[in-house]
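There are 2 protein chains.
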Amino acid sequence: MENPHEKFMKLAIELSRSGMMQGKGGPFGCVIVKDGKIIGQGCNSVLDTIDPTAHAEIVAIRDACKKLGDFQLEGCDIYTSCEPCPMCLGAIYWARPARVFYANTKEDAAKVGFDDQFIYEELDLPLSERKIPFSQLPNEEADKVFKEWALLNNKTLY
Amino acid sequence: MENPHEKFMKLAIELSRSGMMQGKGGPFGCVIVKDGKIIGQGCNSVLDTIDPTAHAEIVAIRDACKKLGDFQLEGCDIYTSCEPCPMCLGAIYWARPARVFYANTKEDAAKVGFDDQFIYEELDLPLSERKIPFSQLPNEEADKVFKEWALLNNKTLY
Chain A
4 MENPHEKFMK LAIELSRSGM MQGKGGPFGC VIVKDGKIIG QGCNSVLDTI DPTAHAEIVA
64 IRDACKKLGD FQLEGCDIYT SCEPCPMCLG AIYWARPARV FYANTKEDAA KVGFDDQFIY
124 EELDLPLSER KIPFSQLPNE EADKVFKEWA LLNNKTLY
Chain B
4 MENPHEKFMK LAIELSRSGM MQGKGGPFGC VIVKDGKIIG QGCNSVLDTI DPTAHAEIVA
64 IRDACKKLGD FQLEGCDIYT SCEPCPMCLG AIYWARPARV FYANTKEDAA KVGFDDQFIY
124 EELDLPLSER KIPFSQLPNE EADKVFKEWA LLNNKTLY
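So the protein sequences, as listed, match chains A and B.
Okay, so the first sequence: first residue is 4 according to the numbering used here, each after it adds one.
Okay, so the second sequence: first residue is 4 according to the numbering used here, each after it adds one.
Written out as structure tokens, the structure is:
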């Protein structure tokens with residue numbers, strides 16, 4: 004019998020190849036599994052949907068959350084054909100799955116032209132030293148909205 | 004005359020309040036500007052769209068890219084009511100705008116219950132020490148797909 008890890012990773016890799024061959028985006032695929040069943044899937048669709056955030060993991064997380072009717076992926080496993088980039092890592096932490104499995108590493112990705120390392124380095128730099136300048140414009144109204152949020156009753160925390 | 008920075012930040016903050024009041028998600032708004040015109044906007048819509056990736060910046064980036072017909076935000080400025088979380092920072096680097104302006108800081112966000120610091124700390128940990136376990140399942144087929152990508156002609160790089 005096929006190992007379930009192998010089965011799900013194989014599907015993620017099939018998605019990576021079919022998306023690439025159809026010109027949807029780079030060679031990345033992802034499936035999300037709960038209780039042994041696939042509840043979400045996606046391939047990199049940056050070119051196809053003209054959306055720089057449409058990485059395989061993000062597409063699959065959105066798909067799974069829609070299907071579950073929940074913005075949390077409690078008890079789910081993510082199988083992705085490549086180690087997630089910093090954006091997708093952030094998305095994974097917000098979605099809170101149980102585990103993540105990946106095949107290719109970020110070093111493998113860098114070798115074929117997808118260099119996440121640059122982003123990791125930028126995240127660790129002070130705002131003033133980043134390639135894209137980030138500047139604070141302090142604003143009393145923004146502060147007020149946060150205070151209103153803090154006082155809001157019956158809000159859903161996520 | 005109103006300073007353009009103030010004008011655009013004010014709109015981002017208005018989006019943060021209206022999204023919160025409508026129960027779409029947390030108190031976060033974002034507008035994207037090119038040549039003095041708003042080309043994209045969004046508020047946090049995590050609850051409304053059941054999508055943990057629907058942070059204000061991501062929603063606005065998707066909106067702007069669709070309108071421009073481009074997956075890059077060259078020459079654009081992002082105005083966001085709060086300093087971006089690690090996921091949105093990653094998205095911003097992939098979209099490559101010119102500049103980012105924010106009002107509230109991530110410390111302000113933590114005080115009202117949005118703790119990005121946890122994610123920043125996790126990103127810096129080795130995979131084996133993270134709260135969500137990340138495990139490599141090396142796979143020859145995944146490696147083969149990357150090699151096919153490297154050899155693919157006429158591919159669009161992004």
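Where is the CB? At the ideal position from N, CA and C, for every residue including glycine.
Just so you know, these numbers come straight off a predicted model, no measurement behind them.
Helix, strand or coil: which one does DSSP assign to residue i?
{"i": "Y123 (chain B)", "result": "helix"}
{"i": "C88 (chain B)", "result": "coil"}
{"i": "F137 (chain B)", "result": "strand"}
{"i": "E132 (chain A)", "result": "helix"}
{"i": "I61 (chain B)", "result": "helix"}
{"i": "P7 (chain A)", "result": "helix"}
{"i": "D66 (chain A)", "result": "helix"}
{"i": "D146 (chain A)", "result": "helix"}
{"i": "I16 (chain A)", "result": "helix"}
{"i": "Y96 (chain A)", "result": "helix"}
Can the beta-carbon of residue i be found closer than 9 Å to that of residue j?
{"i": "K135 (chain B)", "j": "M90 (chain B)", "result": "It is worth fixing the name first, because residue 135 (chain B) is Ile in this sequence and not Lys. No, they are not a contact pair."}
{"i": "C88 (chain A)", "j": "K109 (chain A)", "result": "yes"}
{"i": "A153 (chain A)", "j": "S19 (chain B)", "result": "no"}
{"i": "A57 (chain B)", "j": "Q44 (chain B)", "result": "no"}
{"i": "L155 (chain A)", "j": "Y82 (chain A)", "result": "no"}
{"i": "G29 (chain A)", "j": "F104 (chain A)", "result": "no"}
{"i": "S84 (chain B)", "j": "I16 (chain B)", "result": "yes"}
{"i": "Q75 (chain B)", "j": "R102 (chain B)", "result": "no"}
{"i": "D38 (chain B)", "j": "C68 (chain A)", "result": "no"}
{"i": "V115 (chain B)", "j": "F149 (chain A)", "result": "yes"}
{"i": "N142 (chain A)", "j": "M12 (chain B)", "result": "yes"}
{"i": "E9 (chain B)", "j": "F137 (chain A)", "result": "no"}
Per DSSP, which residues does residue i bridge with? Please list them.
{"i": "R102 (chain A)", "result": "A:D80"}
{"i": "V36 (chain A)", "result": "A:I41, A:D80"}
{"i": "C46 (chain B)", "result": "B:G32"}
{"i": "N156 (chain B)", "result": "According to DSSP, N156 (chain B) bridges with nothing at all."}
{"i": "N107 (chain B)", "result": "B:C85"}
Can you tell me whether residue i is buried or exposed, with buried defined as 16 or more other CB within 10 angstroms of its CB?
{"i": "A106 (chain B)", "result": "buried"}
{"i": "K27 (chain B)", "result": "buried"}
{"i": "G93 (chain A)", "result": "buried"}
{"i": "N157 (chain B)", "result": "exposed"}
{"i": "N113 (chain A)", "result": "Sequence inspection shows Ala at residue 113 (chain A); the Asn mentioned does not correspond to that position. Burial call: exposed."}
{"i": "D119 (chain B)", "result": "buried"}
{"i": "N6 (chain B)", "result": "exposed"}
{"i": "M24 (chain A)", "result": "exposed"}
{"i": "D66 (chain A)", "result": "buried"}
{"i": "E60 (chain B)", "result": "buried"}
{"i": "E124 (chain B)", "result": "exposed"}
{"i": "L50 (chain B)", "result": "buried"}
{"i": "G22 (chain A)", "result": "buried"}
Pull out every residue of the stretch 104-120 of chain A whose Cβ sits closer than 7 Å to any Cβ of chain B, in chain order. F104, Y105, A106, N107, T108, D111, V115, G116
Could you list the residues in the stretch 87-100 of chain B with a C-beta less than 9 Å from some C-beta on chain A, going in chain order? P87, C88, P89, M90, C91, L92, G93, A94, I95, Y96, W97, A98, R99, P100
Interface positions of the stretch 117-147 of chain B facing chain A (Cβ-Cβ less than 8 Å), listed along the chain: Look at the stretch 117-147 of chain B: the residues with a C-beta under 8 Å from a C-beta of chain A are F121, I122, Y123, E125, L126, D127, I135, P136, F137, S138, Q139, L140, P141, N142, E144, A145, D146.
Residues from the stretch 39-72 of chain B in contact with chain A, defined by Cβ distance under 7 Å: Correct list: V49, L50, I53, D54, P55, T56, I61, I64, R65, C68, K69, G72.
Tell me which residues of the stretch 5-16 of chain B have at least one Cβ-Cβ distance to chain A shorter than 9 Å, keeping chain order. H8, E9, M12, K13, A15, I16
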